[in-house]
Structure formats: structure tokens, C-alpha cells
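Presented below is the structure to which this report refers.
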Ligand SMILES: [Fe+2]
Ligand SMILES: [Fe+2]
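Numbering (my numbering), first residue to last: 3 to 348.
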């Protein structure tokens, strides 16, 4: 990486914050040629410099007029942009207590005045190298984690789509209804994390239909009682397929698959759960799923007008759906219609 090389572009930057001009000059003399040295003689100015272009290391004087080194260090550690930048405190020989305090505040080391050039260089070199290693590792971990997250989401979406292929060739139903569910979840008052969980778990709600025979799934007429029982099994089968892996997402997906046909009044399936016994994500997905079914073509029906679908959902308040979910839905109806437009069947 040639950090110590002659190429100035590859040089690391050291920021010196010290009110004593002669200290700044001495440190410059010690570090020049090895690092790009920036300096500030006021603590505020030093903070601003650190924030607008974070250096690779900060040499920070403890005793400064106005804001002292401790407060500057605290500010640096509070700020996302400068948190990771190593801070080395500059103290005087007599100052023993302050060193401990500096380390407590998150400084990585200290150097004492008067400066021993070799020691200063060695400490700066070590901590700059450590810092670069940490940054590198962080970046790697973040990239790998992101890749894992994306892969997992993609697999889940594809699985949901696989099930949907059987009775809806484009798979757009799962895309639309999961976005509806996301919108409703947010309006319902779930946090962004849970709403996102809802968005990502919803596509798997009908995964159990992989196990439903075509003769039932694609039957144009009414189902017999026996066929209906088999049809209902897609909830339990879905939960079985998803399994009980402890990951948050798969647990949510399992709940949604198992309970998306439960009804608020306790007349749904498979477990006839009622009210708050039904997991909240399943209550939300239930409405999102029905909404999209009402607005879409099915073998047995054409697409309903929006007003008719809304009034149907309204009539199911406290029956099929929780009132609060219906309210949340009413709030985001315009956004749902935009989603519907964006993912319309062609
Ligand atoms: Fe279903
Ligand atoms: Fe569905």
C-alpha cells in the first residue's frame, strides 16, 4: 500500500491539535515526510478539521484554553465520522492522572512533552497501521454481511415466487402484497425494523401451496369440503417448509405462512386463533393478501373496483381484520394504489 512511500497521495494524514505553536512545530519536524501533517491551535478549529476530512490519526493536547483535550476527545468519539480515528494524547511528564483519564475516554495512547522523536514516530506508525487494518477489516465484514443479507432476501423472494407460479404466473402478487403489508405495518405503528421484516416475510405466505395438488389449486368451480381441507393445509405445510430456524426473518416468515388465514374474530384457519393471539405480522399480511386478491383477476372473478374492495375490507373490520389494521390501511391506501400501478399485470 506504500503508506510510507514518497508518493504524497498515498500518505496518511496526522492532525495535531495543540495550542502551543512550538509543540506543533516540533511534531511537524518529527513527522514531516512520513505523513501529511495538519495542525490546529484552537480546539474548535481542530474538531471542525477532523469532522470535515477525518485524518488517520489525531495528536491531541490535553491542556488547552477553552475546550480542553478531554472534551475534544469526547466529541470525537461521539461523532460517527470521527469515532474510529485513533487519538493520542499529548501530556506533560508531571501529568500522571490525566493519562489514565485520556485512555478512559477512548484515546489509544499518549506521548509526553518534551517529545522523543523516535518514540513519537513509533507510536504514530503503530496506531496508524492498526487503524488502517481495522478500517480494512470493517469494510470487508460489511461487504460480506451485505452480500449475505442480499442473498438471503433473494432466496426468500424466489421461494415465494416459486409457490406463486402455480396459480399466478407472473409472481407479481407477492411483490404487490408484500409492499402493501410494509406500508400498513408502518402506518400501524411498527418500527422500521419490524415493518421491514413484514415486507421480507410476506412473500412466503403461500409457500405451502407447493404441496397443494393442481386439481385443487386450479379448479375453476367450488371446492368440496374435502378439497377445502386440503387447500387449507397450505398454511401448516408452509410453516413446515420454512422450518424453525431461529433467524428473525425465518421466524417471521413461519408465523406469516402459518397464520395468514386466521381471522380477528376467531373463525379463520388453521388454529382458529382470535384477536391478539394472532401474530401482528400475520394480521397485517392477511389484509394485504386479501386486498391484492380483490383487486386482481382470479379464475373465479374479475378485478374489483377500488371502492368496492375498500368497502369490503371496511365491512370485515372486527371480523376478518383487526380494526387498527383497517385504519392503518385506510391511511396508506393512496400509496397502495401506487404500488398496484407500478406492479400491474401486463
Ligand atoms: Fe394463503
Ligand atoms: Fe396470497
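Positions of the beta carbon are idealized from the N, C-alpha and C atoms, including for glycine.
What you are looking at is a predicted structure, and each value in this text was computed from that prediction instead of being measured.
With 16 or more other Cβ atoms from the protein chains shown falling within 10 Å of its own Cβ, residue 324 counts as buried. Residue 82 holds the alpha-carbon nearest to the alpha-carbon of residue 55 among 82, 254, 76 and 32. By the Cβ criterion, the segment 294-312 is not in contact with the segment 155-168, since fewer than three pairs of Cβ atoms, one from each stretch, lie closer than 8 angstroms. Counting every other CB atom within 10 Å of its CB across the protein chains shown gives residue 257 a total of 16 or more, marking it as buried. When only Cα atoms are considered, residue 167 and residue 174 end up about 10 angstroms apart.
If you check the C-beta of residue 329 against ligand 1, you find no heavy atom less than 7 angstroms away. For the options 106, 16 and 21, the alpha carbon positioned closest to that of residue 129 is the one of 16.
Note: residue 15 is bridge-paired with 38 in the DSSP secondary-structure output. In the displayed model, residue 342 falls within a helix according to three-state DSSP. At the C-beta level, residue 255 and residue 288 stay beyond 8 angstroms of one another. Counting the other Cβ atoms within 10 Å of the Cβ of residue 302 gives fewer than 16, which makes it exposed.
A distance below 7 angstroms between beta-carbons, with the five flanking residues on each side excluded, links residue 69 to the following residues of its chain, in chain order: 45 and 46.
72 is the residue among 72, 199, 35 and 36 whose C-alpha sits nearest the C-alpha of residue 19. An exposed status is given to residue 145, since fewer than 16 other beta-carbon atoms sit within 10 Å of its beta-carbon. Shown here, residue 158 sits in a helix according to DSSP, grouped into three states. In the structure shown, the three-state DSSP call for residue 43 is coil. Here the alpha carbon of residue 85 sits roughly 9 angstroms from the alpha carbon of residue 77. Using a cutoff of 7 angstroms, the CB of residue 261 does not count as near ligand 1, since none of the ligand's heavy atoms is closer than that.
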